[in-house]
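Count along the sequence shown from 1, then add 114; that gives the number in the working numbering.
All C-beta atoms in this analysis are idealised placements derived from N, C-alpha and C, irrespective of residue type, glycine included.
For reference, the structure discussed in these notes is given below.
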Amino acid sequence: MDVTTNLNKMTPGEKYGAICLLSRRLHFSAILAKQRGDDFWDRLERLADRLLRESDAIVTGGPCISDPILVEAADLLARFDNAATSGRQLRLNE
Numbered sequence: 115m116d117v118t119t120n121l122n123k124m125t126p127g128e129k130y131g132a133i134c135l136l137s138r139r140l141h142f143s144a145i146l147a148k149q150r151g152d153d154f155w156d157r158l159e160r161l162a163d164r165l166l167r168e169s170d171a172i173v174t175g176g177p178c179i180s181d182p183i184l185v186e187a188a189d190l191l192a193r194f195d196n197a198a199t200s201g202r203q204l205r206l207n208e
């Protein structure tokens with residue numbers, strides 16, 4: 115079961131909560147990435163801001179709106195976590 119399937123099973127209030135948590139995780143990861151010298155920290159930060167800015171549309175718009183941004187967030191976080199645990203920097207073209 116993926117992140118989008120789980121979100122589609124939540125109530126609107128639960129969805130807002132999950133989106134806020136995901137945004138905070140992206141923001142925190144952006145801070146760490148910037149400190150490490152990873153050149154994609156701003157992409158993490160922009161996505162964190164976008165989640166909050168578009169939270170109403172994500173919650174009410176259905177999978178065609180929510181799935182792409184949630185998949186992008188999950189992908190970026192996974193790539194950041196993998197790079198951080200391996201001790202390497204992540205570049206924009208990875």
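The continuous stretches of alpha helix (DSSP H) do not include threonine 125, and DSSP gives it neither H nor E. For phenylalanine 194, the enclosing alpha helix (DSSP H) begins and ends at 177–200. Counting along the chain, the unbroken alpha helix (DSSP H) around aspartate 163 starts and ends at 155–167.
Proline 177 and isoleucine 183 have their alpha carbons spaced roughly 10 Å apart.
The C-alpha of threonine 199 lies about 11 Å from the C-alpha of alanine 192. When secondary structure is reduced to three states using DSSP, aspartate 152 falls in the coil class, being assigned neither helix nor strand.
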